[in-house]
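In what follows, a single structure is set out as structure tokens and then discussed.
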Amino acid sequence: MKTIKLDNKWLIMSPSVFVDMVNEHTILLYDTKNGHYLISHDNKLISLVTILYKPQNLGVVNAEILADYNSVDIDEALEKGFIYTKNMTNKYKPINFLPILNLQKDLEKEDENGIKGRLQIIGSKLRFVSGVYITLDYAVSNNDEKLFQLRNIAATQHPCPSYGNVNEKLSVDNVKYILENLKLTSTAIVDFICSSYYFENCSFRNFLELISKYGFSYRFHIYIEDYERLAQEWETVEDKPIVEFVIYNDRFSSHNVILENKSLPYKIKQVTLIYDECDLQIGNENMLPVWTGDNMEFFKKNIWIEKSDIDNTVVNMHSIFRNKKLNANFFGIIDFIPNGNIYPHGVKHSIGNISDPKFSFSSVIVKELKDNNSWRLTRNLTHCSQCPYRYLCPPISIYEMQLKNIKMCNINKH
Ligand code: SF4
-14 MKTIKLDNKW
-4 LIMSPSVFVD
6 MVNEHTILLY
16 DTKNGHYLIS
26 HDNKLISLVT
36 ILYKPQNLGV
46 VNAEILADYN
56 SVDIDEALEK
66 GFIYTKNMTN
76 KYKPINFLPI
86 LNLQKDLEKE
96 DENGIKGRLQ
106 IIGSKLRFVS
116 GVYITLDYAV
126 SNNDEKLFQL
136 RNIAATQHPC
146 PSYGNVNEKL
156 SVDNVKYILE
166 NLKLTSTAIV
176 DFICSSYYFE
186 NCSFRNFLEL
196 ISKYGFSYRF
206 HIYIEDYERL
216 AQEWETVEDK
226 PIVEFVIYND
236 RFSSHNVILE
246 NKSLPYKIKQ
256 VTLIYDECDL
266 QIGNENMLPV
276 WTGDNMEFFK
286 KNIWIEKSDI
296 DNTVVNMHSI
306 FRNKKLNANF
316 FGIIDFIPNG
326 NIYPHGVKHS
336 IGNISDPKFS
346 FSSVIVKELK
356 DNNSWRLTRN
366 LTHCSQCPYR
376 YLCPPISIYE
386 MQLKNIKMCN
396 INKH
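The numbering used here puts the first residue of the sequence shown at -14, with every later residue one more than the last.
What follows is the structure in structure tokens.
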């Protein structure tokens, strides 16, 4: 029988474990296979993991090191399989493929030319655009102040129509111009937000025929009050594009479309806006909460993240790395409003106007990549920066963007 020499026993960092050095006193070990994790403030464990992660070690060191590094947390890390020992029958060190984020084209990487140099090496910028929300018009107020106020708040958080005192419109020429430019991007679906007033001059039928010439699918975000009128015009269109209607209703809506038993030539999604507890509808899976500023208790109870949400979710390595570098709620999406202004999705901060002679899609993308209003807004850049869950939590939400000092969780009370 062969005896295994001690110097052939190795300590290995599991490649399925994500390691986050939150700060010099805190480390998170998170197993992306099963969601088990360990948050530790133990200096010995922190030092041991640092040694394992040294480039010359590549996640493997001789197991003799455990004679100097022993602690309750190291025992727990061994017990949970974050690190493990392995006997080799030969003299060679085992190969370990630790997951490492490829930072070659990372915008945050130090470069002698700063971000300008980084932007040059990432090549075509247009491919970053994967979606657009084009607000075609503002619906005209119907003198119901509360409706006007709450629906306009909702429109800052969700792609539902907003209201104005006049029916300001994005010109059809500008719509064409946007669609032409989008051909060069990664966009597959174009989202229009509108009221039926938009189609008083350019009929819905003409509009559909125009957009059918481009190779996109479309979603129209409308309030339920406008649906019947647009649906009627649909029948008369010859070249029909692929369309989905996202139909919003709320406490101000006088009716709900009854769609059961109707076979429609387009998709329909009905969404209910929820302003507080009394709007909740049991069994309705398509509800969108609206942060009104007065409904903190409702949000704390129903929306904020609980520790159990993190404990019961397994986050894969891809999502964790993505959460380190960009905000998946906003990245690659740009918003257009009727006066031609362009916003990075999630913020009302203009990064260009399509009527500007110097405007180009590339220029607004570069501006957002440099300014980082929302696309690369990650939790480590905010009040969450010292929290061990910063890359496990969902990306920063639109609600948090609007109330920068508020953490939407019931976990970290600071
Ligand atoms: S503080 Fe931030 S990262 Fe930590 S649990 Fe709360 S929301 Fe998530």
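Note that CB positions come from ideal geometry on N, CA and C, so glycine has one too. It should be emphasised that the depicted structure is a prediction, and the values quoted were computed from it without experimental measurement.
Close CB contacts of THR257 within its chain, under the 8 angstroms cut and outside five residues either way in sequence, are with TYR233, ASN234, ASP235, ASP264, GLN266, ASN269, ASN271, MET272, LEU273 (chain order).
The region 324 to 340 makes no contact with the region 292 to 299, as fewer than three CB pairs between them are under 8 angstroms. In this structure, the beta-carbon distance from ILE350 to VAL114 falls below 8 angstroms.
Between the alpha carbons of ARG375 and THR367 lies a distance of about 10 angstroms.
For MET6, the enclosing beta strand (DSSP E) stretches over residues 2 to 8. LEU169 and ALA48 have their C-alpha atoms some 54 angstroms from each other. Residue side-chain check: ASN397 places its Cβ nearer than 7 angstroms to a non-hydrogen atom of the ligand SF4. From the listed residues ASP356, HIS143, LYS39, the smallest Cα separation to TRP276 is found for HIS143.
In the three-state reduction of the DSSP assignment, MET302 falls in the helix class, which pools H, G and I.
CA-CA distance, VAL160 to GLU153, rounds to 14 angstroms.
In terms of CA proximity to ASP279, TYR384 leads the group PRO40, SER109, TYR384. In the pairwise beta carbon analysis, the region 37 to 57 is classified as touching the region -4 to 3: at least three pairs are separated by under 8 angstroms. Between the alpha carbons of LEU121 and ILE138 lies a distance of about 18 angstroms. Here ARG214 is exposed: its Cβ has fewer than 16 other Cβ atoms, across all protein chains shown, within 10 Å. Excluding five sequence positions before and after GLU61, the CB atoms of its chain that fall closer than 7 angstroms to its own CB belong to LEU23, given in chain order. Around the CB of PRO250, fewer than 16 other CB atoms lie within 10 Å, so the residue is classed as exposed. By a beta-carbon distance limit of 8 angstroms, ASP211 contacts SER181. Their separation comes to about 4 angstroms. Here DSSP, grouped into helix, strand and coil, assigns ARG375 to coil. When DSSP assignments are scanned along the region 157 to 217, the uninterrupted stretches of alpha helix (DSSP H) that are 4 or more residues long and fall wholly within it turn out to be 157 to 167, 189 to 196. Within the region 239 to 280, the runs of beta strand (DSSP E) at least 3 residues long that lie entirely inside it are, in chain order, 252 to 259, 272 to 274. Along the length of the region 16 to 75, whole alpha helix (DSSP H) runs at least 4 residues long occupy 28 to 37, 57 to 64, reported in chain order. Residue environment analysis places VAL151 among the exposed positions, since fewer than 16 neighbouring C-beta atoms fall within 10 angstroms of its C-beta. Its chain contains PRO146, TYR148, SER180 as the residues whose beta carbon lies nearer than 6 angstroms to that of ALA124, once the 5 sequence neighbours on both sides are disregarded; these appear in chain order. ASP224 counts as exposed, since fewer than 16 other C-beta atoms from the protein chains shown sit within 10 angstroms of its C-beta. No Cβ-Cβ contact shorter than 8 angstroms links ILE59 with TYR118. Put simply, the backbone Cα of PHE184 is about 14 angstroms away from that of THR221.
For MET386, the uninterrupted alpha helix (DSSP H) segment begins and ends at 383 to 387.
LEU193 and ILE327 have their C-alpha atoms some 23 angstroms from each other. Exclusion of LYS78 from the 7 angstroms shell around the ligand SF4 follows from its C-beta lying no nearer than that to any non-hydrogen atom of the ligand. Sequence-distant partners of ILE80 (beyond 5 residues in either direction) whose C-beta falls short of 7 angstroms from its own C-beta are missing from its chain. The alpha-carbon separation between PHE283 and ASN395 amounts to approximately 13 angstroms.
Residue range 346 to 356 is occupied by the alpha helix (DSSP H) that includes LEU354. MET393 is the residue among MET393, ASN19, MET302, LEU111 whose C-alpha sits nearest the C-alpha of LYS286. Setting aside the 5 residues that flank it on each side, TYR260 is surrounded in the same chain by LEU135, VAL275, THR277, each with a C-beta closer than 6 angstroms to its C-beta; the list follows chain order.
In this structure, MET6 is the residue among GLY66, MET6, GLU64, VAL300 with its C-alpha nearest to the C-alpha of TYR38. In the DSSP assignment, THR11 is bridged to ASN8.
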